[in-house]
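Q: Let me begin by handing over the structure; questions about it come next.
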Amino acid sequence: MNLVQLKRADHALTTALEGALEPMGVTLAQANVLLFVDRYPLTTMPRLAAVTPQAMHRTVGGLQQHSGAGPHR
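For this note's numbering, count along the sequence shown from 1 and bump the result up by 574.
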């Protein structure tokens, strides 16, 4: 498999996952957080997801808003 084929496969997978999650009102980024939140501290999740801490904060905030939960203290 060459790089172009790999990128196409990645795009197809991402599109399929986003389509499956859309009816639930959950983004792919939010689903990834839900998969790993019980295994890793929140402070390491931005690095694992290759996003900035600010982007992770927005993702978690969207989940809290979706669930009606407030910030955990």
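For each residue, glycine too, the CB sits at the ideal point set by N, CA and C.
Since Gly635 contacts Gln604 with CB under 8 Å, what's their CB separation in whole angstroms?
A: Here residue 635 refers to the residue found at position 61 when the sequence shown is read from its first residue. Here residue 604 refers to the residue found at position 30 when the sequence shown is read from its first residue. About 10 Å; that fails the 8 Å criterion.
Q: Counting C-beta neighbours from all protein chains within 10 Å, is the total for Val611 16 or more, i.e. buried, or is it exposed?
A: Residue 611 sits at position 37 when you count from the first residue of the sequence shown. Classification of Val611: exposed, given that the 10 Å Cβ count is below 16.
Q: Could you give the DSSP three-state label for Asp612: helix, strand or coil?
A: On the sequence shown, position 38 is the one that residue 612 refers to. Looking at Asp612 - three-state DSSP - the assignment turns out to be coil, as it is neither helix nor strand.
Q: Would you mind sorting Val607 into buried or exposed? The rule is 16 or more other CB atoms within 10 Å of its CB.
A: Here residue 607 refers to the residue found at position 33 when the sequence shown is read from its first residue. Buried, by the Cβ-count rule.
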